[in-house]
Amino acid sequence: MLTLARDIEVLARFGRALADPIRCRILLALRDAPAYPADLADVLGVSRTRLSNHLACLRDCGLVVAVPDGRRTRYELADERLGHALDDLRTAVVAVEEDKTCPDSETKDCCR
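Following the numbering used here from start to finish, the sequence shown increments by one per residue and tops out at 326.
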(Lines of atoms letter the chains of each structure in order from A; the text may use other names.)
(Lines give C-alpha, C1' and ligand atoms only; values in the text may rest on other atoms or scores of the structure.)
Protein backbone atom coordinates (compact mmCIF):
# COMPACT_ATOMS: atom_id res chain seq x y z
CA MET A 215 0.00 0.00 0.00
CA LEU A 216 2.88 2.34 0.73
CA THR A 217 4.09 2.05 -2.85
CA LEU A 218 0.66 2.91 -4.21
CA ALA A 219 0.48 6.02 -2.01
CA ARG A 220 3.94 7.08 -3.19
CA ASP A 221 3.01 6.47 -6.84
CA ILE A 222 -0.10 8.58 -6.42
CA GLU A 223 1.93 11.40 -4.86
CA VAL A 224 4.45 11.29 -7.72
CA LEU A 225 1.68 11.49 -10.32
CA ALA A 226 -0.05 14.29 -8.40
CA ARG A 227 3.19 16.30 -8.35
CA PHE A 228 3.66 15.73 -12.07
CA GLY A 229 0.07 16.84 -12.70
CA ARG A 230 0.56 19.94 -10.56
CA ALA A 231 3.63 20.85 -12.58
CA LEU A 232 1.82 20.36 -15.89
CA ALA A 233 -1.23 22.35 -14.75
CA ASP A 234 0.41 25.64 -15.72
CA PRO A 235 1.27 26.50 -19.34
CA ILE A 236 4.47 28.32 -18.38
CA ARG A 237 5.72 25.32 -16.42
CA CYS A 238 4.89 23.11 -19.40
CA ARG A 239 6.90 25.42 -21.64
CA ILE A 240 9.83 25.33 -19.21
CA LEU A 241 9.78 21.54 -19.10
CA LEU A 242 9.63 21.31 -22.89
CA ALA A 243 12.52 23.77 -23.22
CA LEU A 244 14.59 21.81 -20.70
CA ARG A 245 13.72 18.60 -22.52
CA ASP A 246 15.76 19.94 -25.42
CA ALA A 247 18.72 21.18 -23.35
CA PRO A 248 19.71 22.52 -19.94
CA ALA A 249 19.39 26.30 -19.64
CA TYR A 250 20.08 29.28 -17.45
CA PRO A 251 17.11 31.17 -15.97
CA ALA A 252 17.88 34.43 -17.80
CA ASP A 253 17.95 32.60 -21.12
CA LEU A 254 14.73 30.73 -20.33
CA ALA A 255 12.99 33.98 -19.37
CA ASP A 256 14.00 35.54 -22.69
CA VAL A 257 12.99 32.53 -24.77
CA LEU A 258 9.64 32.15 -23.00
CA GLY A 259 8.91 35.87 -22.87
CA VAL A 260 8.29 36.01 -19.11
CA SER A 261 9.84 38.08 -16.36
CA ARG A 262 12.75 36.60 -14.43
CA THR A 263 10.75 36.83 -11.22
CA ARG A 264 7.86 34.88 -12.70
CA LEU A 265 10.23 32.30 -14.17
CA SER A 266 11.99 31.95 -10.82
CA ASN A 267 8.68 31.17 -9.11
CA HIS A 268 7.86 28.50 -11.69
CA LEU A 269 11.33 26.97 -11.45
CA ALA A 270 10.92 26.79 -7.67
CA CYS A 271 7.65 24.91 -8.15
CA LEU A 272 9.28 22.50 -10.60
CA ARG A 273 12.17 21.94 -8.19
CA ASP A 274 9.72 21.31 -5.34
CA CYS A 275 7.88 18.81 -7.54
CA GLY A 276 11.20 17.05 -8.18
CA LEU A 277 11.11 17.53 -11.93
CA VAL A 278 14.05 19.89 -12.40
CA VAL A 279 17.36 20.36 -10.62
CA ALA A 280 19.53 23.41 -10.20
CA VAL A 281 23.16 22.74 -11.11
CA PRO A 282 25.75 25.26 -9.89
CA ASP A 283 27.94 26.45 -12.74
CA GLY A 284 30.48 28.92 -11.40
CA ARG A 285 28.55 32.01 -10.35
CA ARG A 286 25.48 30.93 -12.30
CA THR A 287 22.92 28.19 -11.89
CA ARG A 288 21.84 26.00 -14.78
CA TYR A 289 18.55 24.11 -14.76
CA GLU A 290 17.91 20.71 -16.26
CA LEU A 291 15.39 17.92 -16.01
CA ALA A 292 15.92 15.85 -12.88
CA ASP A 293 15.94 12.67 -14.96
CA GLU A 294 16.32 12.30 -18.73
CA ARG A 295 13.35 9.92 -18.72
CA LEU A 296 11.12 12.92 -17.96
CA GLY A 297 11.76 14.19 -21.48
CA HIS A 298 10.56 10.90 -22.90
CA ALA A 299 7.57 10.91 -20.56
CA LEU A 300 6.62 14.41 -21.72
CA ASP A 301 6.81 13.31 -25.35
CA ASP A 302 4.80 10.17 -24.66
CA LEU A 303 2.15 12.07 -22.72
CA ARG A 304 1.89 14.80 -25.34
CA THR A 305 1.48 12.38 -28.23
CA ALA A 306 -0.91 10.13 -26.30
CA VAL A 307 -3.18 13.05 -25.42
CA VAL A 308 -3.07 14.39 -28.96
CA ALA A 309 -3.89 10.95 -30.37
CA VAL A 310 -6.81 10.45 -28.01
CA GLU A 311 -8.20 13.98 -27.89
CA GLU A 312 -7.43 15.25 -31.36
CA ASP A 313 -11.08 15.81 -32.30
CA LYS A 314 -12.39 16.82 -28.87
CA THR A 315 -12.58 20.18 -27.17
CA CYS A 316 -12.23 20.70 -23.44
CA PRO A 317 -15.58 21.95 -22.07
CA ASP A 318 -13.71 24.52 -19.95
CA SER A 319 -11.55 25.93 -22.74
CA GLU A 320 -13.79 28.93 -23.45
CA THR A 321 -14.27 30.04 -19.83
CA LYS A 322 -10.93 29.11 -18.29
CA ASP A 323 -8.64 29.68 -21.29
CA CYS A 324 -7.19 26.21 -20.94
CA CYS A 325 -6.61 23.27 -23.27
CA ARG A 326 -5.90 25.38 -26.35
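C-beta: ideal position from N, C-alpha, C; glycine also.
Integer Cβ distance of residue i from residue j, believed to fall under 8 Å
i      : j      : result
ARG237 : GLY297 : Between GLY297 and ARG237 the Cβ distance is about 15 Å, and since that is not below 8 Å, they are no contact.
LEU291 : ALA231 : Contact flag wrong, Cβ pair sits at about 11 Å.
PRO251 : SER266 : 6 Å
LEU258 : ALA247 : With a Cβ gap of about 14 Å, LEU258 and ALA247 do not count as contacting.
Range of the contiguous beta strand (DSSP E) that encloses residue i
i      : result
ASP283 : 278-283
GLU290 : 286-291
DSSP-derived helix/strand/coil call for residue i
i      : result
ALA247 : coil
ALA233 : coil
GLY259 : coil
GLU327 : With the chain covering only 215 through 326, there is no way to say anything about residue 327.
LEU254 : helix
Buried or exposed by the 16-neighbour rule on C-beta atoms within 10 Å, applied to residue i
i      : result
LEU225 : exposed
VAL174 : This structure leaves residue 174 out entirely; the chain is present only between 215 and 326.
Span of the alpha helix (DSSP H), counted from its first residue to its last, around residue i
i      : result
CYS271 : 262-274
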